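These notes concern the structure reproduced below.
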Amino acid sequence: MSQEDLNCFPLGGVCDLFDINAENSYRCVPKNDVLTRGKAKKHQPYVIGHYTEMLARDDIDAVIVATPDHWHSRKTFDAAKAGKNMFIVKKV
Numbered sequence: 004m005s006q007e008d009l010n011c012f013p014l015g016g017v018c019d020l021f022d023i024n025a026e027n028s029y030r031c032v033p034k035n036d037v038l039t040r041g042k043a044k045k046h047q048p049y050v051i052g053h054y055t056e057m058l059a060r061d062d063i064d065a066v067i068v069a070t071p072d073h074w075h076s077r078k079t080f081d082a083a084k085a086g087k088n089m090f091i092v093k094k095v
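Note that our numbering has the sequence shown beginning at 4, numbered continuously upward.
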């Protein structure tokens with residue numbers, strides 16, 4: 004997948020309970036013009052401290068649950084309850 008392909012799916016934001024982790028992740032996120040439904044617009048991702056704030060946002064369509072294994076279930080359940088599409092990695 005190319006960077007151009009990825010621009011069709013702008014990252015809404017990063018979320019971490021620990022501010023330092025969220026800020027470090029945020030610095031790695033590209034802040035570019037993105038194509039959304041064929042129109043270029045400026046997109047600025049945001050940092051959120053608690054995942055429930057992110058799940059409450061209407062502009063978030065999907066989430067990636069990237070937490071330690073023993074924390075997946077609650078966040079996955081809450082994301083499903085909020086009607087979000089999810090990508091989850093869980094070892095079997």
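Ideal Cβ placement from N, Cα and C applies to all residues, glycine included. Since the structure is predicted, the reported quantities are computational estimates derived from the model, not experimental observations.
Taking the alpha-carbon positions, what's the His75 to Tyr49 distance?
-> If you number the sequence shown from 1, residue 75 lands on position 72. If you number the sequence shown from 1, residue 49 lands on position 46. Cα-Cα distance, rounded: 22 Å.
Extent of the continuous alpha helix (DSSP H) to which Ala82 belongs = On the sequence shown, position 79 is the one that residue 82 refers to. His75 to Lys84 is the extent of the alpha helix (DSSP H) around Ala82.
Taking the alpha carbon of Ala83 as the point to measure from, which residue in Val92, Val66 and His73 has its own alpha carbon closest?
-> Position 80 of the sequence shown, counted from the start, is the residue given in the question as residue 83. Comparing Cα positions, the closest option is Val66.
Using only alpha-carbon positions, find the residue among Glu26, Asp19, Lys93 and Asp81 that is nearest to Leu58.
-> Indexing the sequence shown from 1 puts residue 58 at position 55. Measuring from the Cα of Leu58, the nearest candidate turns out to be Asp81.
Residues near Met89 by beta carbon distance below 8 Å, same chain, minus five either side | The residue you call residue 89 lines up with position 86 of the sequence shown. Closer than 8 Å at Cβ, skipping near neighbours: Ala65, Val66, Ile67, Val68, Thr79, Ala82 and Ala83.
Find the nearest neighbour of Thr55 within the set Asp19, His73 and Pro71, judged by alpha-carbon distance.
-> Within the sequence shown, residue 55 is the residue found at index 52, counting from 1. It is Asp19 whose Cα lies nearest to the Cα of Thr55.
Whole-angstrom Cβ separation of Lys93 and Asp72, contact assumed at under 8 Å?
-> Here residue 93 corresponds to residue number 90 of the sequence shown, with the count starting at 1. Here residue 72 corresponds to residue number 69 of the sequence shown, with the count starting at 1. The beta-carbon separation of Lys93 and Asp72, rounded to 7 Å, stays under the 8 Å limit for a contact.
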